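Adding 4 to a residue's 1-based position in the sequence shown gives its number in our numbering.
Quick reminder that beta carbons are idealized off the backbone N, C-alpha and C, glycines included.
Computed from a prediction, not measured in an experiment: that's the story for all the values here.
Step one of this worksheet: look at the structure below.
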Amino acid sequence: MSVVTQTVSLAPLTSVDLELLLAWRSHPDIYNYFKIQSGPLVWEEHQSFWLKRTHREDFLILLQEEDQTRKVGSINISKLNTEYPEIGVLVGELSIQGKGVGKKAVRLALNRLKELGHNKARVEINSKNHPSVRLFTTLGFVKENTTSTADWQTYVLESIP
Ligand SMILES: CC(C)(COP(=O)(O)OP(=O)(O)OC[C@H]1O[C@@H](n2cnc3c(N)ncnc32)[C@H](O)[C@@H]1OP(=O)(O)O)[C@@H](O)C(=O)NCCC(=O)NCCS
């Protein structure tokens, strides 16, 4: 049996990738777990959000398998002007969810936060989003009881390793 070598990396997401991001974020398996989205994304809102964003970096998640590299998702770090920057992540290629790509991407985003001088991070997770809860808690994020509701819970990482 041959073993396929898989490498996950991040690359800056640019305006050229907005259509792809819109397509990924328009699938209910993705947007059901986003607090600020309740249906398929509307292009004008998507573009306007992109143009207005501040204190935030967006990346494509790239997956290299043997000699081929493709775009499989996106990750962002936002609120970079605060003590607890936030992480948002999606693996848009649905058939490869649950294979470790999301977790590797979050590790890389944490490295980027460290590079920018941050030591803490925060994420808001829907309580039904078990893969995401598992992903972040196994990376050391802890539920913050004070700001959590039944549906949405805040998890914080007090010290990025
Ligand atoms: C959440 C998401 C980014 C996770 O990425 P992924 O590549 O599918 O997850 P990974 O394969 O890296 O798995 C992360 C952890 O969750 C676990 N996991 C995966 N699928 C799971 C499931 N259905 N139920 C419970 N745990 C699960 C994995 O075992 C892994 O834990 P481990 O490292 O201890 O084994 C991805 O599922 C996604 O894009 N979901 C839709 C958008 C979203 O919810 N974004 C997050 C908003 S906070």
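query                                                                                                                                                                              : result
Within the same chain, show all residues whose beta-carbon is closer than 6 angstroms to that of VAL137, passing over the 5 residues directly before and after it, in chain order. : ILE129
Considering only residues of the same chain and omitting the five flanking positions on each side of GLN51, which have a CB-CB separation below 8 angstroms?                       : LEU22
Thinking C-beta only, is ARG116 closer than 9 angstroms to LEU25?                                                                                                                  : no
So, is TRP28 buried or exposed, given that buried needs 16 or more other C-beta atoms within 10 angstroms?                                                                         : buried
My output table needs one value for ILE100: the three-state DSSP class, helix, strand or coil.                                                                                     : helix
Pull every residue with its beta-carbon under 6 angstroms away from any heavy atom of ligand 1, and keep them in chain order.                                                      : ILE34, TYR37, VAL93, LEU94, VAL95, GLN101, GLY102, LYS103, GLY104, VAL105, GLY106, LYS107, VAL127, ILE129, ASN133, HIS134, PRO135, SER136, ARG138, LEU139, THR142
At what residues does the alpha helix (DSSP H) containing LYS118 begin and finish?                                                                                                 : 105-119
Between the Cα of LEU114 and the Cα atoms of PRO165, VAL76, SER30, LEU98, which residue gives the shortest distance?                                                               : PRO165
When you compare only the Cα positions, how much space is there between PHE63 and VAL146?                                                                                          : 24 angstroms
Near THR58, which residues of its chain fall below 7 angstroms by C-beta distance, leaving aside the five closest residues on each side in sequence?                               : none
For the pair the stretch 37-46 and the stretch 96-116, tell me if three or more CB-CB distances fall below 8 angstroms.                                                            : no
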